[in-house]
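> Residue numbers (the working numbering): 1267 to 1325.
Supplied in structure tokens, the structure appears directly below.
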Amino acid sequence: MITFGVFVLGFSSILTGMNFIVTIHKMRAPGMTWHRLPLFIWASYATAILQLLATPVVG
């Protein structure tokens, strides 16, 4: 039961990271370049990439 819970937690973490990455790519305002994005979006994007790459290793 605990193993299944850890699996679900890891899977949801991966999906959350993918959700942030896709949202930042697809839902930017028209004309908004990567260099004009706010620092918070850059930090969220970097965190999502790290979350996406690190979670399978931990699980």
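From the three backbone atoms N, C-alpha and C, an ideal C-beta is built for every residue, glycine too.
In this text the structure is predicted, and so the values were computed from the model without any measurement.
1) DSSP on L1303, reduced to helix/strand/coil?
2) In three-state DSSP terms, what is G1276?
3) Is it buried or exposed, A1320, if we count other Cβ atoms within 10 angstroms and call 16 or more buried?
4) Ordered along the chain, which non-local residues of its own chain (more than five positions away) have a Cβ less than 6 Å from that of H1287?
5) What is the DSSP secondary structure of M1284, reduced to helix, strand or coil?
Let's see:
1) coil
2) helix
3) exposed
4) Just to set this straight, residue 1287 is Ile in the shown sequence, not His. Hits under 6 Å: A1314.
5) helix
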